[in-house]
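K.L.:
Residue numbers (UniProt numbering): 1 to 288.
Structure (structure tokens):
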């Protein structure tokens, strides 16, 4: 019987993974790592094995991996030393005799031409996992559709969409559907060093996003593409911090260059249904 440890269990992705696992697995066969005492209590009330800890605390990782044979490493945020945090999890898994590790990476076309260097850490983590000798499954997830409200801004229905992405396309997927499919893999697949590209069934540009928002809202939404330097100036003048502006620009340039446009049917296969398309997703995300 698998004993699965879900790291980052209180985030949106981890929460849905755990909820999906509970549909067919006994709670006692699921371990979770959380930073919050109240979350630990909530998990324990459901019968799960819950541990307080974080990726930077190796001792807490060791406790959480007792008697665990499968670890889902949900990628860390980029606020700290993400690579070292990932290495801590992988090294601890190997030390504790864990057999299988899964990792939430990114579905990007060519790591060698990425503009967004933060994304390179996903591929470096993949390499580290492969070198560890652990059996692995790598989930290369498409950009979450859930980020679109952040990309287009609060005033999208009044001001439209302004981004330097030209006609670049993204195979968006709702985060909850990514998580559900990952949980299905964890429950049902043997770890045989596989890599899955979990993407939407089609790829869409910001022109498509604007068109769908127009249809759903009845208000005309126009997408205007813009050069990088004027875009940066507008963002900075709007009070957005320079590091965040750089992140937004880098994401857009990779979209423009086709990095996010890969489409496969692998998500649909493990989800057991066709994932929600752009119109269905935007209707949910914008409450339209």
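From the three backbone atoms N, C-alpha and C, an ideal C-beta is built for every residue, glycine too.
(1) If you run the structure through DSSP and keep just helix, strand and coil, what is residue 264?
(2) Beta strand (DSSP E) containing residue 284: first to last residue?
(3) Just how far apart, CA to CA, sit residue 195 and residue 227?
(4) Would you say residue 90 reaches chain B, if we count a Cβ-Cβ gap shorter than 8 Å as a contact?
(5) Which residue from 96, 112, 50, 51 puts its Cα closest to that of residue 254?
(6) Assuming residue 73 is part of the alpha helix (DSSP H), what are its boundary residues?
(7) Beta-carbon within less than 7 Å of residue 143's beta-carbon, same chain only, minus the 5 sequence neighbours each way: which residues are those?
(8) Taking buried to mean at least 16 other C-beta atoms within 10 Å of its own C-beta, is residue 78 buried or exposed?
(9) Does the region 217-226 come within contact of the region 153-160, defined as at least 3 CB pairs closer than 8 Å?
(10) Is DSSP giving residue 193 helix, strand or coil here?
(11) Since residue 231 sits in a beta bridge, which residues does DSSP pair it with?
(12) Counting Cβ pairs, one atom from each stretch, are 3 or more of them under 8 Å apart for the region 256-272 and the region 104-118?
(13) For residue 98, does the three-state DSSP call read helix, strand or coil?
(14) Put residue 52 into one of helix, strand or coil per three-state DSSP.
(15) Relative to the C-alpha of residue 115, which residue among 272, 246, 242, 284 is closest?
(16) Considering only their Cβ atoms, is the gap separating residue 52 from residue 73 smaller than 8 Å?
(17) Roughly how many angstroms lie between the CA atoms of residue 184 and residue 20, to the nearest whole one?
(18) For residue 248, write down the residues that DSSP places opposite it in a beta bridge.
(19) Taking the straight line between their C-alpha atoms, what separation do you get for residue 232 and residue 124?
P.N.:
The short version:
(1) Residue state, collapsed to three classes: coil.
(2) Where residue 284 is concerned, there is no enclosing beta strand (DSSP E), although the alpha helix (DSSP H) it sits in stretches over 278-285.
(3) 35 Å
(4) Here there is only one protein chain, and chain B is not present.
(5) 112
(6) Taken as a continuous stretch (DSSP letters only), residue 73 belongs to no alpha helix (DSSP H), being part of the beta strand (DSSP E) at 70-73.
(7) 170, 172, 260
(8) Classification of residue 78: exposed, given that the 10 Å Cβ count is below 16.
(9) Taking a contact to require three or more Cβ pairs closer than 8 Å, the region 217-226 and the region 153-160 qualify as touching.
(10) Three-state DSSP puts residue 193 in coil, outside helix and strand.
(11) The partner list for residue 231 (beta bridge, DSSP) is empty, contrary to what the question assumes.
(12) yes
(13) coil
(14) strand
(15) Comparing Cα positions, the closest option is 246.
(16) No.
(17) 8 Å
(18) For residue 248, no pairing in a beta bridge is given by DSSP.
(19) About 29 Å.
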